[in-house]
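Residue 1 is where the sequence shown starts when you use UniProt numbering, and the numbers rise one by one after that. What follows is a set of notes on a single structure, which appears directly below.
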Amino acid sequence: ILKAYGGKRSIEWMEVYCGEKANKIYGTYMPEETFEALREFVVSIKGPLTTPVGGGIRSLNVALRQELDLYVCVRPVRWFQGVPSPVQHPELTDMVIFRENSEDIYAGIEWKADSEEAKKVIKFLQEEMGVTKIRFPEGCGIGIKPVSKEGTQRLVRKAIQFAIDNDKPSVTLVHKGNIMKYTEGAFKEWGYELALDRFGGELIDGGPWVKIKNPKNGKDIIIKDVIADAFLQQILMRPADYSVIATLNLNGDYISDALAAEVGGIGIAPGANIGGAIAVYEATHGTAPKYAGQDKVNPGSIILSAEMMLRDMGWTEAADLIIKGISGAIAAKTVTYDFERLMPGATLLRCSEFGDAIIQHMED
């Protein structure tokens with residue numbers, strides 16, 4: 001920021017606490033003071049959190065998203081030249097995933113096998129709803145998968161608006177509607193409905209695909225859908241066919257990490273969880289406590305999440321410098337251990353040294 005703006009702009013950082021550090025200070029893993037700060041100051045960047053063992057909280061990350069209604073997880077996936085990849089043409093992978101955060105089975109509505117709650121739900125399904133397809137009702141855990149029209153359409157609206165704002169050629173709805181017709185199938189139908197009604201779309205050859213006009217440049221944006229298992233195959237075989245992806249929670253979890261693997265892994269995968277007026281940018285990997293204090297791991301995920309943050313703030317000059325720096329460091333083969341072991345002739349750097357290399361390449 002200092003290099004990009006010469007002191008004319010700056011960020012004042014304020015630390016707030018969640019997870020183990022919060023528990024040491026406040027006696028709780030998720031203090032209300034933290035939520036209040038995130039709401040008040042709108043934009044934040046978060047490190048990985050360890051969910052406490054012993055029950056009570058299924059996931060600190062999920063709880064944070066639900067409490068703040070951060071209903072969309074945005075995961076850009078792009079390849080930096082020189083990054084080791086298991087695919088032949090990683091440069092063809094350039095997508096942005098919009099994963100629904102608030103619904104699907106991640107809503108956490110489930111009951112343990114043999115619990116009184118599970119037995120009640122199974123009994124209700126059998127006696128009141130006529131359900132006969134629970135193969136082994138004894139010793140059976142049970143869960144509910146909520147998918148709503150409102151939840152679907154606010155996600156798809158974000159994805160389509162992103163495609164408009166960033167001159168993207170398509171938005172793909174990824175689902176398993178062939179099996180789960182009233183949840184994932186409804187997701188697909190509601191997505192198409194939004195494209196037609198809200199964005200003035202037209203059916204292509206009678207549908208279901210829809211074409212909308214980008215109001216900023218007059219180009220066509222294609223709204224299409226793909227079954228999730230077919231999509232996971234096609235991102236390996238034809239990644240260039242896809243640009244913006246809108247999908248439900250569980251599919252989005254699989255897809256985000258699968259695509260990250262094509263371009264270097266989650267160590268370099270940025271992300272953000274966004275609600276109506278709040279955005280939390282974060283590294284997409286876990287805490288990896290076995291590496292704590294070793295100055296070893298790749299900081300790319302959190303650095304590129306900061307790049308996302310700056311770009312969304314409109315500070316594109318600073319964001320561009322981060323891309324320039326990280327591209328230069330990788331192209332020079334000065335990298336952390338996860339890349340160095342797969343790059344012939346690479347120079348192994350510590351985490352802090354990789355940060356220094358990024359800064360150095362901003363100057364080039």
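From the three backbone atoms N, C-alpha and C, an ideal C-beta is built for every residue, glycine too. Here the structure is a predicted model, which means the values were calculated and not measured.
Residues that DSSP places opposite residue i in a beta bridge
i, result
"W111", "I142"
"L348", "V335"
"H175", "I227"
"K211", "E202 and I222"
"S170", "I222"
Contact check, residue i vs residue j, beta carbons under 7 Å
i, j, result
"residue 365", "I266", "Residue 365 is absent from the model: the chain starts at 1 and stops at 364."
"I142", "W111", "yes"
"K21", "E282", "no"
"T336", "A357", "no"
"residue 393", "L38", "Absent from the model: residue 393. The displayed extent of the chain is 1 to 364, so no value can be given."
"T93", "E307", "no"
"I1", "A318", "yes"
"V244", "V72", "no"
"V121", "I278", "no"
"L70", "G276", "no"
"V147", "A246", "no"
"G314", "H361", "no"
"E184", "G151", "no"
"L321", "A4", "yes"
"G19", "Y29", "yes"
Presumed contact (8 Å Cβ cut-off) between residue i and residue j, rounded CB distance
i, j, result
"I160", "A195", "7 Å"
"G271", "V74", "7 Å"
"I221", "K168", "7 Å"
"A331", "Q81", "6 Å"
"R99", "N217", "About 27 Å; that fails the 8 Å criterion."
"S85", "G264", "6 Å"
"R350", "K296", "6 Å"
"C140", "A118", "7 Å"
"P258", "I223", "According to the sequence shown, residue 258 is Ala rather than Pro. At roughly 22 Å, the Cβ-Cβ gap does not stay under 8 Å, so A258 and I223 are not in contact."
"G214", "N101", "Rather than Gly, the amino acid found at residue 214 in this sequence is Asn. Not quite, the Cβ-Cβ distance comes to about 26 Å (not below 8 Å), so this is no contact."
"Y242", "S170", "7 Å"
Residue closest to residue i, alpha-carbon to alpha-carbon, out of the options
i, options, result
"N251", "K120, K145, F80 and M308", "K145"
"G207", "G27, K188 and N178", "K188"
"P76", "T34, D312 and F339", "D312"
"L68", "E307, V280, A292 and I323", "V280"
"N298", "S352, N166 and T247", "S352"
"Y17", "I11, A4, P48 and P86", "P48"
"L173", "P344, S327, D229 and G130", "D229"
"E40", "I326, M14 and T347", "M14"
"G355", "R135, L304, Y192 and S148", "L304"
"N178", "T287, G345, V226 and I235", "V226"
"residue 366", "L321, A163 and E138", "One cannot answer for residue 366 here, as it falls past the ends of the chain, which runs 1 to 364."
Cβ-heavy atom distance, residue i to the ligand COA, below 6 Å
i, result
"G141", "With respect to the ligand COA, the structure shown offers nothing to examine, as it has no ligands at all."
Inside the stretch 236-298 only - beta strand (DSSP E) runs reaching at least 3 residues = The stretch 236-298 contains these whole beta strand (DSSP E) runs: 244-247, 270-274 and 279-283.
Ordered list of alpha helix (DSSP H) runs contained in the stretch 35-114, each at least 4 residues = Taking 4 residues as the minimum length, the alpha helix (DSSP H) runs contained wholly in the stretch 35-114 are 60-68, in order along the chain.
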